[in-house]
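Residue numbers (our numbering): 1 to 557. We put the CB at the ideal spot given by N, CA and C, even for glycine. These figures come from a predicted structure and were not determined experimentally. Here is the structure we will look at.
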Amino acid sequence: MPKKKAVKAKTARAKRKTTTKKVVKVAKKKPTTKLPRPIVVAVLGHVDHGKTSLLDVIRGTKVQEGEAGGITQSVRAHKVKAKDGNEITFIDTPGHEAFSDMRSRGASVTDIVLLVVAADDGVQPQTKQSIKFAKKSKVPIIVAANKTDLPGADVSKVKKELSQNDVLVEEYGGDVLFVPVSAKKKEGLDELLENIILLAEILELKSVKPRGSLAEGVVLESTLDKNLGPVALTLIKKGEVSIGNFVSYDGGHSKIRGLLDEFQKNEEIANVSDPVWITGLREVLETGEKLKFFDNEEEAKENSVGALRAMPVQEEGLDEKDDNVEEQDGSEDEEPEDKYDTGLLAGLLAQDEEEGEKKKLNVVIKTDAQGTLDAVLQELEKLSGDEVEINVLSKSTGAITEKDIITAKSARGIILGFRVPLSKELETMAKRERVLVRSYEIIYEMIEEVDAAMSGLLEPEEEEVEVARAKVKKVFELTNGDIVAGSEVTKGKMLKGYRVFVERGEERIGEGKITSLKRNKEEVREVEKGSECGILIEPKIEVEKGDQVVAFKVEKV
Numbered sequence: 001m002p003k004k005k006a007v008k009a010k011t012a013r014a015k016r017k018t019t020t021k022k023v024v025k026v027a028k029k030k031p032t033t034k035l036p037r038p039i040v041v042a043v044l045g046h047v048d049h050g051k052t053s054l055l056d057v058i059r060g061t062k063v064q065e066g067e068a069g070g071i072t073q074s075v076r077a078h079k080v081k082a083k084d085g086n087e088i089t090f091i092d093t094p095g096h097e098a099f100s101d102m103r104s105r106g107a108s109v110t111d112i113v114l115l116v117v118a119a120d121d122g123v124q125p126q127t128k129q130s131i132k133f134a135k136k137s138k139v140p141i142i143v144a145a146n147k148t149d150l151p152g153a154d155v156s157k158v159k160k161e162l163s164q165n166d167v168l169v170e171e172y173g174g175d176v177l178f179v180p181v182s183a184k185k186k187e188g189l190d191e192l193l194e195n196i197i198l199l200a201e202i203l204e205l206k207s208v209k210p211r212g213s214l215a216e217g218v219v220l221e222s223t224l225d226k227n228l229g230p231v232a233l234t235l236i237k238k239g240e241v242s243i244g245n246f247v248s249y250d251g252g253h254s255k256i257r258g259l260l261d262e263f264q265k266n267e268e269i270a271n272v273s274d275p276v277w278i279t280g281l282r283e284v285l286e287t288g289e290k291l292k293f294f295d296n297e298e299e300a301k302e303n304s305v306g307a308l309r310a311m312p313v314q315e316e317g318l319d320e321k322d323d324n325v326e327e328q329d330g331s332e333d334e335e336p337e338d339k340y341d342t343g344l345l346a347g348l349l350a351q352d353e354e355e356g357e358k359k360k361l362n363v364v365i366k367t368d369a370q371g372t373l374d375a376v377l378q379e380l381e382k383l384s385g386d387e388v389e390i391n392v393l394s395k396s397t398g399a400i401t402e403k404d405i406i407t408a409k410s411a412r413g414i415i416l417g418f419r420v421p422l423s424k425e426l427e428t429m430a431k432r433e434r435v436l437v438r439s440y441e442i443i444y445e446m447i448e449e450v451d452a453a454m455s456g457l458l459e460p461e462e463e464e465v466e467v468a469r470a471k472v473k474k475v476f477e478l479t480n481g482d483i484v485a486g487s488e489v490t491k492g493k494m495l496k497g498y499r500v501f502v503e504r505g506e507e508r509i510g511e512g513k514i515t516s517l518k519r520n521k522e523e524v525r526e527v528e529k530g531s532e533c534g535i536l537i538e539p540k541i542e543v544e545k546g547d548q549v550v551a552f553k554v555e556k557v
């Protein structure tokens, strides 16, 4: 961490600690600051702990309810206005995996994790997974202990179990905010929103103007809608997007035909931290795809062919906050202060073209003394393995120089500095040349960060994880030849858009995607366990009575 930014981070941490007691005790100091942009909050937690119901109640008390359109979606993004006028964008997904996928593609999405834990059930496997995600992403956590109205609710037990998973609330000597709530009785909701806003103030969230484009965004979800074609639920990260603009993504570009809000109603403009459905796309985009927006097609086209893969990659959470800077003096020319994390380190690892060659992290090392240099080299050498290695481009003592930046740029490398200065001029040069410079005061912090980056680059294995299952009870053939499997959901929750395979005994007879899901002849988005429904799978599979329709997702392990 650069020295001046280390001071800033320590100040923020100190501010957070001194503020925590006031926040936890029902936020005695009400937030009054108007934040420069809406806060983005990822809602995570174990299944059936009330994530979605909690959000529904919050939305119901803060926004006018509307009827959602027909776009099939598993990710839900809602914008809520608190009593003080500040806005919060909540992102609710079936699990933390969606955020992990975005993170693996270098997409920074969330500022805060809202961890929902049922007070009568405590910490469960998905709770632990969510905690690991937040810790790895360096995103601060707020805990909402839901279902406090139930007879078996035990808030003290929840706090103890959280402490056993390194989430320490005030009573356990930590500074994690903890708010008891009841979605059913609508209790604790205002306190929860106040705590979120107070934490956002402590984190000093800021807004930045994009460089070289009108706006930037990240795809939260993308699907092929039968009426609108390819659509993408996008979180606007920087700038402002309008209908008629052009969007550029890796390998293509499209003209924006429409912008739809969370209720899928038409909008003319989308601003920073707005979740918005983009229509008019030429193809279905990938989750985590980074988007740039332009006012003319020529620029969009120029930026589409591989250009976005070269965008600087940032990890989620606290390290993004200083990048999101809109200068106080209103100057558009001054560079924002960038802070990078292991996501960018991982992005800079170069792989030789020949198959089987190691991946390499090219580094320039600068330290304050020769003894320190020897120690750093010795520790970094230990990190090299059979699949990933550190390639030292140059090593020396003294201040970082222009030559160091040129050397790093030529090999698409990074500069690791230990207790060495970096002048303002060279800092500006490094940003301009897109060379990452990392400065440290403690050796193990350098080693841990580089090790984390290298570990994240090893090719993960993939495995199928079953998420839902339905038994076929009757088969219907439509006049157009389509086959509908009349089924009962026996496990999980069946969602339209899920990838599925049909199982007959021990044999898998076909694989496809649920394109239509009906209950009582009405198209629905999801069907709960124990309910019957009609499932249409494409491509067509010759299902029979007694077959099992198994929904699955592919996870990297």
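Presumed contact (8 angstroms Cβ cut-off) between residue i and residue j, rounded CB distance
i	j	result
Ile-514	Lys-491	About 15 angstroms; that fails the 8 angstroms criterion.
Val-139	Val-116	Wrong, their Cβ atoms sit about 15 angstroms apart, outside the cutoff.
Gly-512	Val-500	6 angstroms
Leu-214	Asn-245	6 angstroms
Gly-559	Val-231	Lying before the first or after the last residue shown, residue 559 is absent from the chain, which here runs from 1 to 557.
Gly-183	Ala-145	The sequence shown places Ala at residue 183, rather than the Gly named in the question. Not confirmed; about 11 angstroms, so no contact.
Pro-275	Ala-82	17 angstroms between Cβ atoms; not a contact.
Val-543	Val-475	6 angstroms
Three-state secondary structure assigned by DSSP to residue i
i	result
Glu-522	strand
Val-543	coil
Gln-548	strand
Gln-126	helix
Arg-76	strand
Asp-166	coil
Ile-537	strand
Ala-411	coil
Val-155	helix
Thr-515	strand
Ala-134	helix
Val-57	helix
Thr-372	helix
Glu-555	strand
Lys-62	Because the pLDDT of Lys-62 is 39, which lies under 50, any placement of that residue in the model is unreliable, and the number read from its coordinates should be weighed accordingly. In the structure shown, Lys-62 sits in a helix (DSSP, three-state: H, G or I).
Thr-401	coil
Thr-148	coil
Leu-35	coil
Tyr-340	Because the pLDDT of Tyr-340 is 32, which lies under 50, any placement of that residue in the model is unreliable, and the question is left without a value.
Thr-52	helix
Lys-561	This structure cannot speak to residue 561, because the chain is shown only from 1 to 557.
Glu-506	coil
Glu-488	strand
Glu-387	coil
Lys-595	The structure shown has nothing for residue 595, since the chain only spans 1 to 557.
Lys-360	strand
Lys-382	helix
Leu-377	helix
Reference residue i; option with closest CA among the options
i	options	result
Tyr-440	Met-454, Ala-453, Lys-128 and Ile-415	Ile-415
Pro-36	Leu-177, Lys-83, Glu-402 and Lys-209	Lys-209
Arg-469	Ile-483, Gly-486 and Met-494	Met-494
Arg-434	Ala-411, Phe-133 and Gly-486	Ala-411
Lys-79	Val-57, Leu-193, Glu-262 and Leu-383	Glu-262
Gln-124	Glu-191, Ile-400, Val-47 and Val-218	Val-47
Val-247	Val-41, Gly-280 and Lys-518	Gly-280
Val-43	Ile-142, Lys-292, Gln-378 and Val-363	Ile-142
Ala-453	Asp-295, Met-429 and Val-363	Val-363
Leu-233	Ser-273, Leu-205 and Ile-406	Ser-273
Cys-533	Glu-523, Lys-185 and Gly-152	Glu-523
Leu-383	Val-450, Lys-128 and Ile-39	Val-450
Glu-387	Val-376, Leu-361 and Ile-58	Leu-361
Leu-426	Lys-518, Arg-419 and Ile-406	Ile-406
His-253	Glu-171, Arg-282 and Gly-546	Arg-282
Glu-267	Ser-242, Lys-529, Glu-503 and Val-181	Ser-242
Contact with chain C by residue i, beta-carbon distance below 8 angstroms
i	result
Ile-443	Included in the structure is just one protein chain, with no chain C present.
Counting Cβ pairs closer than 8 angstroms, one from the stretch 159-172 and one from the stretch 196-203, do we hit at least three? no
Restricting to runs no shorter than 3 residues, where is the beta strand (DSSP E) found entirely within the stretch 171-217? 177-180
Whole runs of the beta strand (DSSP E) within the stretch 412-485, excluding any shorter than 3 residues: 414-418, 436-440 and 462-477
Segments of 4+ residues assigned as alpha helix (DSSP H) that fall wholly inside the stretch 228-315: 297-302
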